[in-house]
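Numbering (this note's numbering), first residue to last: 621 to 953.
Have a look at the structure below before the remarks.
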Ligand SMILES: [Zn+2]
């Protein structure tokens, strides 16, 4: 079976189910205020953060003490937290549940590609970068229009991070016509760079050592406070460079962007992994993913933190309905 999130090829049976819904709220122009520049430096300066804390019965870092640590880390960089987490959904498709979940049925469920925007009062951070029509294999007018919006958002962003180094999350940066402007403000972790150099999941996103040098590369063990209210959490498993993005909004609402730890929210709710055959193809570390799913399951069932993955369209729409995510990107300066 083709594996769209993995190779860019559309699986058999995939079909467009809806036009991508886009919301563009104004023109963007990129500037880098000194404040944000200094915040980035501050964030990089603490990249070796080690937070001491009691180790609970749960294995490794995925214990019940983690959420309090994230909340504390989110206050480490002074300043106003983001006002909203916005999401842009594009490239809609329908895929059988058996593609998302081990022992899933043939019933099709709606899937999508996404980028997220952490919207501050005076700028934004992009989480993930989509991919161009060539890599996606979708040259429809709707897809091309969506790609243009994503590129504008990347050009206008102060900082860009990616949940992981797969093509549908990072090609929008690596293959961007504006790479020269975008690369220096794209913060990749060391493991992401290593994968992109040594074994990218599609050849079009391979980095060589010269091009890798254009990015802002950070190396951190577990937590990296990025800005006020935003913390990166290393979560290798789906890929070596996978990371979660914890966001505590100015309002106090919390959102956790988990990338592709689970393609379907049912994976979190039922602590169920992807199908074995697909997981092996990707080269996932299933023990690591299980520890992450177990923790996410506890967070989901015991707190009000909104957990958003990248491809489960029905769940993303539900989070929009609940007000945890805001639909469409706000590209106003
Ligand atoms: Zn993906």
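Positions of the beta carbon are idealized from the N, C-alpha and C atoms, including for glycine.
The model shown is predicted, which means the values in this text are computed figures rather than measured ones.
Neighbourhood of residue i by C-beta, 6 Å cutoff - its chain only, sequence neighbours within 5 removed
{"i": "residue 720", "result": "883, 884"}
{"i": "residue 806", "result": "780, 793, 835"}
{"i": "residue 812", "result": "785, 861"}
{"i": "residue 874", "result": "868, 925"}
{"i": "residue 694", "result": "849, 851, 868"}
{"i": "residue 940", "result": "947"}
{"i": "residue 889", "result": "none"}
{"i": "residue 827", "result": "816, 817"}
{"i": "residue 729", "result": "717"}
{"i": "residue 763", "result": "711, 753"}
Cβ-Cβ distance between residue i and residue j below 7 Å
{"i": "residue 773", "j": "residue 746", "result": "yes"}
{"i": "residue 702", "j": "residue 877", "result": "no"}
{"i": "residue 782", "j": "residue 735", "result": "no"}
{"i": "residue 802", "j": "residue 790", "result": "no"}
{"i": "residue 895", "j": "residue 722", "result": "yes"}
{"i": "residue 879", "j": "residue 784", "result": "yes"}
{"i": "residue 699", "j": "residue 848", "result": "yes"}
{"i": "residue 717", "j": "residue 724", "result": "yes"}
{"i": "residue 750", "j": "residue 778", "result": "no"}
{"i": "residue 752", "j": "residue 767", "result": "yes"}
{"i": "residue 787", "j": "residue 821", "result": "yes"}
{"i": "residue 843", "j": "residue 830", "result": "no"}
{"i": "residue 855", "j": "residue 938", "result": "no"}
Enclosing alpha helix (DSSP H) for residue i [first to last residue]
{"i": "residue 875", "result": "Where residue 875 is concerned, there is no enclosing alpha helix (DSSP H), although the beta strand (DSSP E) it sits in stretches over 874-879."}
{"i": "residue 919", "result": "906-922"}
{"i": "residue 941", "result": "933-942"}
{"i": "residue 888", "result": "885-889"}
{"i": "residue 897", "result": "896-902"}
Nearest-angstrom Cβ-Cβ length linking residue i and residue j, presumed shorter than 8 Å
{"i": "residue 901", "j": "residue 706", "result": "That belief does not hold up - the Cβ atoms of residue 901 and residue 706 are roughly 32 Å apart, past 8 Å."}
{"i": "residue 861", "j": "residue 905", "result": "That belief does not hold up - the Cβ atoms of residue 861 and residue 905 are roughly 12 Å apart, past 8 Å."}
{"i": "residue 824", "j": "residue 795", "result": "7 Å"}
{"i": "residue 917", "j": "residue 891", "result": "5 Å"}
{"i": "residue 923", "j": "residue 687", "result": "7 Å"}
{"i": "residue 933", "j": "residue 709", "result": "6 Å"}
Residue i - containing beta strand (DSSP E), residue span
{"i": "residue 798", "result": "Neither: residue 798 is in no beta strand (DSSP E) and is coded neither H nor E."}
{"i": "residue 928", "result": "926-929"}
Beta-carbon proximity list for residue i, same chain, < 8 Å, skipping 5 on both sides
{"i": "residue 726", "result": "716, 717, 718"}
{"i": "residue 944", "result": "705, 873, 875, 926, 928"}
{"i": "residue 935", "result": "884, 885, 928, 929"}
{"i": "residue 799", "result": "793, 834"}
{"i": "residue 920", "result": "888, 889, 927"}
{"i": "residue 733", "result": "709, 710, 711, 750, 751, 756, 788, 930, 931"}
{"i": "residue 804", "result": "834, 835, 836"}
{"i": "residue 759", "result": "753"}
{"i": "residue 871", "result": "703"}
Close Cβ partners of residue i (< 7 Å) along its chain, the five nearest in sequence each way excluded
{"i": "residue 909", "result": "857, 858, 881, 893"}
{"i": "residue 668", "result": "Note on residue 668: pLDDT 35, under 50, position unreliable in the model; the coordinate value appears next. Closer than 7 Å at Cβ, skipping near neighbours: 840, 841."}
{"i": "residue 739", "result": "702, 703, 704, 706, 950"}
{"i": "residue 837", "result": "808, 810, 813"}
{"i": "residue 899", "result": "893, 906"}
{"i": "residue 741", "result": "700, 703"}
Residue i at chain C interface by Cβ criterion, 7 Å
{"i": "residue 814", "result": "This model lacks chain C altogether; it includes just one protein chain."}
Legend entry - Whole runs of the beta strand (DSSP E) within the region 686-766, excluding any shorter than 3 residues: Within the region 686-766, the complete beta strand (DSSP E) runs of at least 3 residues fall at 704-716, 728-740, 743-747.
Legend entry - Ranges of the alpha helix (DSSP H) found wholly within the region 783-869, counting only runs of at least 4: 787-794, 799-802, 810-818, 829-832
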